[in-house]
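Chains as they are written, first to last, in UniProt numbering: chain A, 1 to 223; chain B, 1 to 223.
There are 2 protein chains.
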Amino acid sequence: MRLLIIEDEPGIARFLKQGLEEEAFAVDVAGTGPAGLALAQAQPYALLLVDWMLPGLSGLEVCQQLRAAHNRTPLIFLTARDAVADTIAGLQAGANDYIKKPFHFEELLERIRVQLRAPGPPAAPERFQVGPIVLDVATHQVHKGGEEIMLTQKEFALLEYLLRHKGKVCRRQSIIENVWDIHFEYNTGVIDVYMNALRKKLKLGKEDEYLQTIRGIGYAARD
Amino acid sequence: MRLLIIEDEPGIARFLKQGLEEEAFAVDVAGTGPAGLALAQAQPYALLLVDWMLPGLSGLEVCQQLRAAHNRTPLIFLTARDAVADTIAGLQAGANDYIKKPFHFEELLERIRVQLRAPGPPAAPERFQVGPIVLDVATHQVHKGGEEIMLTQKEFALLEYLLRHKGKVCRRQSIIENVWDIHFEYNTGVIDVYMNALRKKLKLGKEDEYLQTIRGIGYAARD
DNA sequence: GCAATCGCTTAAAATTGCCTTAAGACCACG
DNA sequence: CGTGGTCTTAAGGCAATTTTAAGCGATTGC
Numbered sequence: 001m002r003l004l005i006i007e008d009e010p011g012i013a014r015f016l017k018q019g020l021e022e023e024a025f026a027v028d029v030a031g032t033g034p035a036g037l038a039l040a041q042a043q044p045y046a047l048l049l050v051d052w053m054l055p056g057l058s059g060l061e062v063c064q065q066l067r068a069a070h071n072r073t074p075l076i077f078l079t080a081r082d083a084v085a086d087t088i089a090g091l092q093a094g095a096n097d098y099i100k101k102p103f104h105f106e107e108l109l110e111r112i113r114v115q116l117r118a119p120g121p122p123a124a125p126e127r128f129q130v131g132p133i134v135l136d137v138a139t140h141q142v143h144k145g146g147e148e149i150m151l152t153q154k155e156f157a158l159l160e161y162l163l164r165h166k167g168k169v170c171r172r173q174s175i176i177e178n179v180w181d182i183h184f185e186y187n188t189g190v191i192d193v194y195m196n197a198l199r200k201k202l203k204l205g206k207e208d209e210y211l212q213t214i215r216g217i218g219y220a221a222r223d
Numbered sequence: 001m002r003l004l005i006i007e008d009e010p011g012i013a014r015f016l017k018q019g020l021e022e023e024a025f026a027v028d029v030a031g032t033g034p035a036g037l038a039l040a041q042a043q044p045y046a047l048l049l050v051d052w053m054l055p056g057l058s059g060l061e062v063c064q065q066l067r068a069a070h071n072r073t074p075l076i077f078l079t080a081r082d083a084v085a086d087t088i089a090g091l092q093a094g095a096n097d098y099i100k101k102p103f104h105f106e107e108l109l110e111r112i113r114v115q116l117r118a119p120g121p122p123a124a125p126e127r128f129q130v131g132p133i134v135l136d137v138a139t140h141q142v143h144k145g146g147e148e149i150m151l152t153q154k155e156f157a158l159l160e161y162l163l164r165h166k167g168k169v170c171r172r173q174s175i176i177e178n179v180w181d182i183h184f185e186y187n188t189g190v191i192d193v194y195m196n197a198l199r200k201k202l203k204l205g206k207e208d209e210y211l212q213t214i215r216g217i218g219y220a221a222r223d
């Protein structure tokens with residue numbers, strides 16, 4: 001899921017980007033209206049987060065131009081508290097929702113999810129499972145059987161990635177890019193170290209095949 | 001007591017929010033039907049105030065969907081229509097009461113109080129516990145064993161937040177937003193200082209695991 | 001069967017993030 | 001206007017996490 005944030009305040013943009021990436025979104029950021037518009041038209045996004053006040057083009061204008069070009073990407077406005085009256089104009093221009101700053105991050109997430117699942121299938125619970133292993137994204141917990149397993153951030157991220165692609169083979173390259181955010185060259189053995197840690201903590205013996213090694217390719221989570 | 005207002009007119013929403021907050025309610029506001037529905041399903045509210053006319057989903061549809069999902073939260077409609085037929089439909093859909101706009105704020109308050117004390121939950125005492133630690137929201141007291149522990153406002157709020165989510169991992173982000181009401185960026189060390197104060201006052205040694213640190217994520221209250 | 005490659009395991013270095021303390025800012029109260 | 005308490009900021013020390021590195025065992029291809 002790729003999102004685009006059009007927001008000129010670097011602090012807020014960074015905050016949003018980081019938070020959303022932790023929720024497994026791929027996030028691009030544009031700092032001005034024209035830059036954002038160009039990006040939004042250049043490639044397909046699942047959703048746009050647009051600040052109301054922007055240098056170059058206002059958020060409203062960005063929205064209008066997109067809709068005029070028959071771009072129907074869901075769009076949520078981020079608007080300052082006292083500008084709420086304006087947002088009616090925004091909704092008329094084809095925005096799907098708006099949220100007042102300051103807002104709770106969870107509320108934003110909730111609204112994003114609403115937009116993303118409206119056209120598609122209903123509510124995906126953020127919970128993954130393979131065999132006796134259950135991973136809960138919201139509370140950042142992992143259980144095997146009834147027992148809770150304490151994992152570090154990276155361990156959790158790696159397991160989450162494998163479980164999100166259960167049944168599929170994850171190539172080392174993809175894992176490094178998505179879990180470690182390393183996009184060029186990979187010659188380290190980090191993945192191996194972490195797979196080892198995961199298997200140890202989850203007490204997976206050689207006969208357990210929930211986390212399989214695909215030699216020469218990568219790894220796969222399988223029931 | 002947390003209420004949710006689903007109302008698209010910003011002026012009315014602000015008016016209600018402010019008035020109710022002065023009455024010591026915690027108030028969330030959603031501006032559209034879908035956003036409100038999502039919020040209402042995402043967390044438990046003591047009561048919902050729902051406008052009849054909403055963008056996205058009508059108040060009636062929100063109500064129907066909630067009840068269909070076995071959500072029994074008391075719900076009061078705010079309706080501008082004097083057409084009695086509509087409100088009957090609302091009550092049949094599972095609403096608990098309705099009030100016609102314009103209304104006197106005192107009247108609304110009175111109806112809210114009726115709903116909150118009358119039916120379903122007979123005054124559930126707001127009380128949370130982890131191990132030997134008991135927190136009473138109503139009297140603002142905390143005990144460990146039989147001994148009363150004096151906490152400051154923020155200490156209490158932090159402990160309350162953790163206990164309300166007992167068993168779950170609370171991210172620093174969520175804590176900062178919900179306890180401190182700080183949005184965008186949380187690079188302060190306030191949480192650490194307060195966790196330290198809490199543990200000290202509650203005399204939790206290293207071996208006590210009621211308030212655990214989840215490194216890189218946040219904290220969790222656990223039995 | 002042998003060499004080469006790949007993955008597993010362990011240990012230690014580098015880094016990050018939390019704990020703790022102290023001091024200043026702020027506020028309510030006398 | 002001072003006092004006491006609460007809240008926030010900042011910094012050093014320390015411990016857990018993350019990364020790097022290297023030796024060993026297993027698997028593959030010839």
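Beta carbons are placed, not taken as given, at the ideal position from N, Cα and C, and that holds for glycine.
Contact set for residue i: own chain, Cβ-Cβ below 7 Å, skip 5 residues either direction
i: A:D8; result: G31, T32, D51, L54 and P55
i: B:L109; result: E23
i: B:R199; result: L211
i: B:R111; result: I76, D97 and I99
i: A:E21; result: V27
i: A:V84; result: With a pLDDT of only 49 at A:V84, under 50, the local geometry of the prediction cannot be trusted, and the value read off the model is given with reservation. Around A:V84: K100.
i: B:H183; result: E177
Buried versus exposed, by CB contacts within 10 Å (16 or more), residue i
i: A:Q115; result: buried
i: A:V130; result: buried
i: B:T139; result: exposed
i: A:P10; result: exposed
i: A:R72; result: exposed
i: B:P34; result: buried
i: B:T213; result: exposed
i: A:G36; result: buried
i: A:I5; result: buried
i: A:E107; result: buried
i: B:P44; result: exposed
i: B:G120; result: Because B:G120 carries a pLDDT of 41, less than 50, the predicted location of this residue cannot be relied on, and the following value inherits that uncertainty. The residue is exposed, with fewer than 16 neighbouring Cβ atoms inside 10 Å.
i: B:F15; result: exposed
i: B:R171; result: buried
i: B:G189; result: exposed
Residue-level contact to chain A via CB, residue i, 8 Å cutoff
i: B:S58; result: no
i: B:F128; result: no
i: B:H70; result: no
i: B:A138; result: no
i: B:A46; result: no
i: B:T32; result: yes
i: B:L39; result: yes
i: B:Q173; result: yes
i: B:I5; result: no
i: B:I217; result: yes
i: B:V190; result: no
i: B:K166; result: no
i: B:V27; result: no
i: B:E61; result: no
is_contact[residue i, chain B] using C-beta, thresh 8 Å
i: A:I12; result: yes
i: A:E185; result: no
i: A:R113; result: yes
i: A:E23; result: no
i: A:D97; result: yes
i: A:Q153; result: yes
Cβ-based neighbour list, residue i, same chain, cut-off 6 Å, excluding 5 preceding and 5 following
i: B:P132; result: K144 and G145
Beta bridge counterpart(s) of residue i as assigned by DSSP
i: B:F156; result: DSSP, once it has assigned bridges, lists no residue as partnering B:F156.
i: B:H143; result: B:V134 and B:E148
i: B:D97; result: B:I76
i: A:T213; result: A:Y219
i: B:R113; result: DSSP lists no partner for B:R113.
i: B:P24; result: According to the sequence displayed, residue 24 of chain B carries Ala and not Pro. DSSP, once it has assigned bridges, lists no residue as partnering B:A24.
i: B:D51; result: B:L78
i: B:Q129; result: B:V134
i: B:R2; result: B:A26
i: B:C170; result: B:Y219
Proximal residues to residue i (C-beta, below 8 Å), its chain only, five neighbours per side dropped
i: A:K168; result: A220
i: B:L158; result: I175, V179, I191, Y194, M195 and L198
i: A:S58; result: G33 and W52
i: A:Q41; result: L66, A69 and N71
i: A:A93; result: L60, C63, Q64 and R67
i: B:A13; result: I5, E7, V29 and G31
Whole-Å CB distance - residue i paired with residue j, under 8 Å assumed
i: B:Q141; j: B:E148; result: 6 Å
i: A:L3; j: A:F25; result: 5 Å
i: B:L151; j: B:K201; result: 6 Å
Heavy atom of the ligand SAH within 7 Å of residue i beta-carbon
i: B:M195; result: In terms of ligand content, the structure shown is empty, and the ligand SAH therefore cannot be addressed.
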